[in-house]
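Take a look at the structure below.
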Amino acid sequence: MIDVLLVLLIFFMSIMTDQVAKIDKSILLPLAPEAKKRVHDVKNEVIVNVDWDAASNLPQVRFGAKVCDPVEQLAELVRPLKESNPKLKLIIRADQDTPAIEIQKVIEHLAGAGIDDISLSGTNR
């Protein structure tokens with residue numbers, strides 16, 4: 035019985051570690067007081083982090099550990115995932131200092147790659 039519990043514990047830890055690794059903790063999410071916590075669909079969700087580099091006045095778009103520079107590379111990385119999973123949901127975690135026009139550019143490239151379910155992440159506190 036303990037063996038089964040240990041295997042399950044290791045399994046769930048590995049799944050959660052993978053998801054947590056995709057979230058960049060250095061990004062300060064914008065405040066959205068009316069935001070509600072939603073149910074995560076881990077197997078169908080993909081996270082894109084957009085950090086604002088104040089020194090260069092440019093966004094840094096990251097998909098997993100890969101920096102997408104130029105942002106057009108993002109579409110090339112996401113397109114095969116959408117083709118293999120039609121229910122793919124993409125979550126954009128953009129820093130609160132990132133100008134809206136830069137986030138719009140990311141959304142346009144994702145839409146061009148066929149992504150039709152895009153959410154923006156925020157915090158309510």
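Going left to right, the sequence shown walks through residues 35 to 159 as the numbering used here numbers them.
Quick reminder that beta carbons are idealized off the backbone N, C-alpha and C, glycines included.
All values derive from a computational prediction rather than experimental measurement.
query                                                                                                                             : result
Per DSSP, cross-strand counterpart(s) of residue 154                                                                              : 126
Range covered by the alpha helix (DSSP H) that runs through residue 113                                                           : 106–118
Beta-carbon contacts of residue 116 that lie in its chain and below 8 Å, excluding the five residues immediately before and after : 122, 147, 148 and 149
Minimum C-alpha distance to residue 80 - residue among 139, 40 and 99                                                             : 99
Three CB pairs or more closer than 8 Å across the region 131–139 and the region 82–89                                             : yes
Bridge partners - residue 136, DSSP secondary structure assignment                                                                : Looking at the DSSP assignment, residue 136 forms no beta bridge with any residue, so it has no partner.
Buried versus exposed call for residue 96 [16 or more other C-beta atoms within 10 Å across all chains shown]                     : buried
Cβ pair residue 137, residue 82 closer than 8 Å                                                                                   : no
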